[in-house]
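Visitor:
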Amino acid sequence: MKATLRYTLMGLTFAGLTFLSTSCRKDLCYDHDEHGLSVKVNLSSDWEQEWERTYAYDWEKLWEEDWKYDYEDLCPAPADGIRVQVYTSDGQRIESNLPDEGGRIAMPEGTHELLFYNEDTDYSVLGGGSTSEEATATTRGVTRSSFHELHAGERTVNQPDMLYGAYMEEYTAEKTLAPTELPVTLRPLVYTYMIRYEFESGQQYVALARGALAGMAETVYLNDGHTGETAATVMFDCTLEDYGAEALVQSFGVPDYPGEHYGRNGTDGRRYSLNLEVRMVNGKFKTFEFDV
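Just so we're aligned: 289 in the UniProt record's numbering is position 289 of the sequence shown, and the numbers increase by one with no gaps anywhere.
#1: Classify V281 as buried or exposed, calling it buried when 16 or more other Cβ atoms lie within 10 Å of its own Cβ.
#2: May I ask which residues mark the beginning and end of the alpha helix (DSSP H) holding E229?
#3: With a Cβ-Cβ cutoff of 9 angstroms, do Y197 and N158 count as a contact?
#4: Tell me the rounded alpha-carbon separation between V142 and Y191.
#5: Starting from K286, trace the beta strand (DSSP E) in both directions and tell me its first and last residue.
#6: Can you tell me which residues form a DSSP beta bridge with S45?
#7: Can you tell me whether Q159 is helix, strand or coil according to DSSP?
#8: Determine, using beta-carbon pairs with one atom in the stretch 116–135 and one in the stretch 77–91, whether at least three such pairs fall under 8 angstroms.
#9: Check T267 in the structure and name its three-state DSSP category.
#10: Is the beta carbon of A209 less than 9 angstroms from the beta carbon of D237?
#11: Assuming E289 contacts S146 (C-beta within less than 8 angstroms), just tell me the rounded distance between them.
#12: As a quick exercise: from Y272, L240, Q203, A207, pick the residue whose alpha carbon is nearest that of T230.
#13: Compare the C-alpha of E170 against each of T111, Y57, Q92 and name the closest.
#14: If E119 and S132 are in contact, beta carbons under 8 angstroms, what's the gap, nearest whole angstrom?
#15: Looking only at its own chain, which residues have a Cβ that is under 7 angstroms from the Cβ of R140, when we skip the five neighbours before and after it?
What follows is the structure in structure tokens.
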């Protein structure tokens, strides 16, 4: 048997009504902030829908036609909403929750840091403090009674939900009469690994398959996408195929990225391991382990 791991954000015009004024008296106008001088910043969002980064391999060029999925099938959809965190120069943190296409960001006049990410997550745990550097995402722990750890001390976790992020270190908000458009591209912080376990024989006797990928990053930082040094083991279920078993596994990537070790030059001393556990039709379990 062989196993292959694939690294894998209305205008209303009055014409000909000469008795209408273009100005607005504060005591008579219900939306004075909109018509008068105020901070009016509208987020216009774009989503980078990529599931992998090209490093040693260009999987789009190397994709095989007989695989279950097309390359584009793995590309993530845009998220359902955007959370904007405004970190002001005086230490405030102001939050806006917007639809996926964007909208009005709540912020005062002045120069601020802006952090953008999607918050429609079930398994990912978003944390942070008073600064953008403390904003992180991790994922919930999970256990499996039959699993024996691949790497000593690693926490076993669920796959993270799809997560996007963007960051502006410095944005100056000014009072204007017309809204200011702020275009932002949210980029993926979670990537997909296509894992195929190919059996030489006996796949007809397999009733269930599930796996684990050890040595992956436990945490990602939302402001710049770098991953923490701590590794975790990502647990997942497989689908049964005529050749064996397959899974699409989401992860933050490898720990301590970006770093000099990235590209697998073998000098960082990190190990990445893959597990496969199968239940046979007779109820017995078999376990296989691989270095990847």
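Where is the CB? At the ideal position from N, CA and C, for every residue including glycine.
Guide: By the coordinates alone:
#1: The residue you call residue 281 lines up with position 281 of the sequence shown. Exposed: under 16 other Cβ atoms inside 10 Å.
#2: As a working mapping, residue 229 is identified with position 229 in the sequence shown. It is not in any alpha helix (DSSP H) - E229 carries neither H nor E in the DSSP assignment.
#3: Taking the sequence shown and counting its residues from 1, the one referred to as residue 197 is at position 197. Taking the sequence shown and counting its residues from 1, the one referred to as residue 158 is at position 158. No. Outside cutoff.
#4: As a working mapping, residue 142 is identified with position 142 in the sequence shown. As a working mapping, residue 191 is identified with position 191 in the sequence shown. The alpha-carbon atoms of V142 and Y191 are separated by roughly 20 angstroms.
#5: Here residue 286 is taken as the residue at index 286 of the sequence shown, counted from 1. Counting along the chain, the beta strand (DSSP E) containing K286 begins and ends at 285–291.
#6: The sequence position of residue 45 within the sequence shown is 45, counting from 1. The partner list for S45 (beta bridge, DSSP) reads V184.
#7: Position 159 of the sequence shown, counted from the first residue, corresponds to residue 159. In the structure shown, Q159 sits in coil (DSSP, three-state: anything other than H, G, I, E or B).
#8: yes
#9: As a first step, residue 267 must be located in the sequence shown, where it is residue number 267. Residue confidence is low: T267 scores 45 on pLDDT, short of 50, so the model does not pin down where it sits. No coordinate-derived value is stated.
#10: If you number the sequence shown from 1, residue 209 lands on position 209. If you number the sequence shown from 1, residue 237 lands on position 237. Their beta carbons are under 9 angstroms apart, which means A209 touches D237 by this criterion.
#11: Mapped onto the sequence shown, residue 289 falls at position 289. Mapped onto the sequence shown, residue 146 falls at position 146. In fact, because the Cβ distance is near 13 angstroms, the residues do not count as touching under 8 angstroms.
#12: Taking the sequence shown and counting its residues from 1, the one referred to as residue 230 is at position 230. Of the listed residues, the one whose Cα sits closest to T230 is Y272.
#13: Counting from 1 along the sequence shown, the entry for residue 170 is found at position 170. The shortest C-alpha separation from E170 is found at T111.
#14: Here residue 119 refers to the residue found at position 119 when the sequence shown is read from its first residue. Here residue 132 refers to the residue found at position 132 when the sequence shown is read from its first residue. The Cβ separation is near 16 angstroms, so there is no contact.
#15: Residue mapping note: residue 140 aligns to position 140 of the sequence shown, counting from 1. Taken in chain order, the residues that qualify are Y123, V125, V157, N158.
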